[in-house]
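Colleague: Under numbering that gives the first Met the number 0, read the sequence shown as residues 0 to 484, first letter to last. Note that CB positions come from ideal geometry on N, CA and C, so glycine has one too. Here's a structure for you.
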Amino acid sequence: MNAARDVVVIGGGVIGCSVAYYCARAGLGVTLIDQPKRGRATSASAGGLWPLGESVGLGCGVIFHKALAGRGQLPEGVHGPGQLPKAFLDFALQSNAMFPRLRDELLQTAGIDIELERTSLLFTMYDDGDVAFAKPLLEHCPCGQNRIDWLTPDELAKAEPAVTREVRGALRFNGDDQVNPYRLADAFRAAAQRLGATIITHTAVTGIEMRAGRVVAAQAGADRYPCAMVVNAAGAWAVNVGRMIGIEVPVRPVRGQILGTETLPKVLSACLSTSNCYLAQKQHGEIIIGSTTEEVGFDVGTTPEAMRSLAAGAVRAVPSLANVHLKRVWSGLRPGSPDELPILGPVDEIAGYFNACGHFRTGIVTSPMTGLMISELAAGQSTSFPLEPFLFSRFAGADPQSAIVHAHGIGDAALAEMRFTVPEMQCEGCANKIGQALQAISGVTGVDAKVELKQVWVRYESSKLQEQTLKDALHRAGFSAIETP
Ligand SMILES: Cc1cc2nc3c(=O)[nH]c(=O)nc-3n(C[C@H](O)[C@H](O)[C@H](O)COP(=O)(O)OP(=O)(O)OC[C@H]3O[C@@H](n4cnc5c(N)ncnc54)[C@H](O)[C@@H]3O)c2cc1C
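Shown next, in the form of structure tokens:
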């Protein structure tokens, strides 16, 4: 073994297992160490591969948005959940495109079928609010109109006879499919092992040893694992691993509750996303009904309210489910980041440490590209997708005290950017609020926003959007402390 190429992966969820697989495939020496904690996200996931749906706010995004609206916590004129930046969409699409080949590789190497199914995702529209949210998606789809189809109620009834007729239609997201998430993680792990990785289970990493600014070993209680690199893939617990080398990785647990029905004959061909719940029938017949978005720390309990509301949402979407038994109810902790994007790659001045965390609600679909990119970094190669939008350094330099807007051209006359801070708001709410504010500006395209701790950074096409219009929308969304220098 060549110690300079030895990697310790901390965490054995889908991300750690993918990193271990791609590193082993690249010929690196790999040790994966996992302490299974209650609430680990991979064991809770629905297995949706919904790069486009999730990027435009479907899945749990639209459910959370509806819940906020029901509690009167949304600004006026907001019709739907916020969207993730184009860089994330491209990353997720590229990762999603890896699945067909990956399925074959994992079947061949590990003998495990990840149950990749070409389902597509249907957003069922119940009312004017849903239609108002869906129309701009069809007209300004960030990856071309042929990716999305508008289904009339008759077309929907023909395609999905079990779905309620009380609908205004549906949007079909072609290419947004599904896998079995548990099998995916198992297959990554088994394939990594076949390729020479060592898997150590039921063991917590308790420290990272550094010498002259370099990682030299991972510590697990009394055991020491010499290595040149460590990968922080500890999911919602990534902050603890970061602290082992003195950095604050801004990952927090975001609980999702989820239900599973008894095994049923084929009810749904597509996965469904509605404003009350999403539904995905798995290959073995169970229908997964998800999911809440809750900031309750590391509490992995389930609540009768969430069960009632998700079950009612499922029966509204598919009335025949009223006569079906629920088999299980559970929850998982999504590894949430301030801007809802993963945190990937190296950290300045800490040689041999890589982040692979903060995947929030899209860690299944983005696991292949994450594993591949981390393996490329560990092997000293350039990455298959640009790292910049996902680097830990994007959180550096935020000044939580400042309340100043900077608006200026950035070379290209068609583009402008604004950066401002909102001291009275918690950063957790920023990503949603900024997305909602931007969506309130109807018909605008080419707007990109990201959140860095308590700063919000907006880039927009100045030919399509007036600076004042953007500021007004942000004011309406509650960003009251804006000043132009
Ligand atoms: C209800 C729900 C539904 C979801 N649905 C989807 C979906 O449809 N599609 C999608 O793409 N994503 C979905 N997600 C998100 C996805 O599940 C997560 O983004 C992904 O599983 C994160 O994987 P992970 O490996 O980073 O974290 P985890 O799966 O939590 O794994 C982290 C592992 O690290 C271990 N660990 C922590 N600390 C240590 C330590 N010190 N030493 C050793 N081990 C440690 C933990 O115990 C755990 O085993 C969903 C999430 C939830 C909760």
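Taking 6 Å as the limit between beta carbons, can you name the residues of its chain near SER290, skipping five residues before and five after?
Modeller: CYS59, GLY255, ILE257
Colleague: Given this structure, state the Cα-to-Cα distance separating SER374 from LEU120, to the nearest angstrom.
Modeller: Near 31 Å, if we compare the C-alpha coordinates of LEU120 and SER374.
Colleague: Helix, strand or coil for GLU261 per DSSP?
Modeller: coil
Colleague: What does the Cβ neighbour count give for LEU194, buried or exposed, with the cut at 16 atoms within 10 Å?
Modeller: buried
Colleague: Under DSSP, the beta strand (DSSP E) around ARG327 begins and ends at which residues?
Modeller: 325-335
Colleague: Taking the alpha-carbon of LEU83 as reference, which of PRO385, SER54, ALA191, GLU165 has the nearest alpha-carbon?
Modeller: SER54
Colleague: Of the choices ALA86, SER330, GLY335, CYS356, whose alpha-carbon is the least far from that of ILE342?
Modeller: Its Cα nearest to that of ILE342, the residue CYS356 stands out among ALA86, SER330, GLY335, CYS356.
Colleague: Rounded to whole angstroms, what's the CA-CA distance from ALA161 to LEU137? Just pull it up for me.
Modeller: 25 Å
Colleague: For the beta strand (DSSP E) containing SER272, list its first residue and its last residue.
Modeller: 270-272
Colleague: Ignore the nearest five residues each way along the sequence and tell me which others in ILE113's own chain have a CB closer than 7 Å to its CB.
Modeller: By the criterion of a C-beta distance shorter than 7 Å, ILE113 is surrounded in its chain by ARG102, LEU105, VAL178, ASN179, ARG182, LEU183, ALA186, once the five residues flanking it on both sides are discounted.
Colleague: Could you check if CYS356 belongs to the surroundings of ligand 2, using beta carbon to heavy atom distance under 7 Å?
Modeller: Looking for ligand 2 in the displayed structure turns up nothing; the ligands present are ligand 1.
Colleague: Assign SER319 to one of two classes, buried (16 or more other C-beta atoms within 10 Å of its C-beta) or exposed (fewer than that).
Modeller: Counting the other Cβ atoms within 10 Å of the Cβ of SER319 gives fewer than 16, which makes it exposed.
Colleague: Please report the residue range of the alpha helix (DSSP H) in which ALA189 lies.
Modeller: 180-193 is the extent of the alpha helix (DSSP H) around ALA189.
Colleague: Output the distance between the C-alpha atoms of ALA237 and ASP176, rounded to the nearest integer angstrom.
Modeller: 28 Å
Colleague: What is the DSSP secondary structure of ALA23, reduced to helix, strand or coil?
Modeller: helix
Colleague: Which residues mark the beginning and the end of the beta strand (DSSP E) in which ALA350 is found?
Modeller: Where ALA350 is concerned, the enclosing beta strand (DSSP E) starts and stops at 349-356.
Colleague: If you draw a straight line from the alpha carbon of ALA19 to that of ALA377, how long is it in whole angstroms?
Modeller: 11 Å
Colleague: If you follow the beta strand (DSSP E) that ILE286 is part of, which residue opens it and which one closes it?
Modeller: 286-289
Colleague: The beta strand (DSSP E) that contains ILE199, what's its start and end?
Modeller: 197-199
Colleague: Take ARG251 as the anchor and find which of VAL215, PRO334, ALA217 has the nearest alpha-carbon.
Modeller: PRO334
Colleague: Using the C-alpha atoms, what's the distance from ILE288 back to ALA313?
Modeller: 7 Å
Colleague: Can you tell me which of the three DSSP states GLU154 falls into?
Modeller: helix
Colleague: Provide the residue span of the alpha helix (DSSP H) that contains ALA133, from first to last.
Modeller: 127-138
Colleague: Since I believe LEU57 is in contact with SER272 (beta carbons under 8 Å), could you give me their beta-carbon distance rounded to a whole number of angstroms?
Modeller: 4 Å
Colleague: Could you check where the beta strand (DSSP E) with PRO367 kicks off and where it finishes?
Modeller: Not the beta strand (DSSP E): PRO367 falls in the alpha helix (DSSP H), residues 366-377.
Colleague: At 4 residues or longer, what runs of the alpha helix (DSSP H) sit wholly inside the region 207-268?
Modeller: 237-242
Colleague: Any contact between the region 39-48 and the region 350-368? By contact I mean 3 or more CB pairs, one from each, below 8 Å.
Modeller: At 8 Å Cβ cutoff, the stretches touch.
Colleague: What residue from ILE207, GLY52, ALA189 has the CA that sits closest to LEU88's CA?
Modeller: GLY52
Colleague: Going by DSSP in three states, PHE122 sits in which element: helix, strand or coil?
Modeller: strand
Colleague: On a Cα-Cα basis, can you pick out the residue from ALA66, ALA86, PRO35 that is closest to PRO50?
Modeller: ALA86
Colleague: Quick check on the DSSP output: the alpha helix (DSSP H) that includes ALA89 runs from which residue to which?
Modeller: Checking the displayed sequence, the identity of residue 89 turns out to be Asp instead of Ala. Boundaries of the alpha helix (DSSP H) harbouring ASP89: 85-95, taken from the DSSP string.
Colleague: Got a sec, what are the start and stop residues for the alpha helix (DSSP H) LEU101 sits in?
Modeller: 98-109
Colleague: Give the DSSP-derived three-state secondary structure of PRO50 in the structure shown.
Modeller: helix
Colleague: In angstroms, rounded to a whole number, what distance separates the CA positions of GLY408 and TYR352?
Modeller: Bear in mind that a pLDDT of 26 at GLY408, under 50, signals an unreliable position, so the number given afterwards is only what the model happens to contain. In a straight line, the C-alpha of GLY408 is about 36 Å away from that of TYR352.
Colleague: In whole angstroms, what is the alpha-carbon distance linking TRP329 and ALA211?
Modeller: 45 Å
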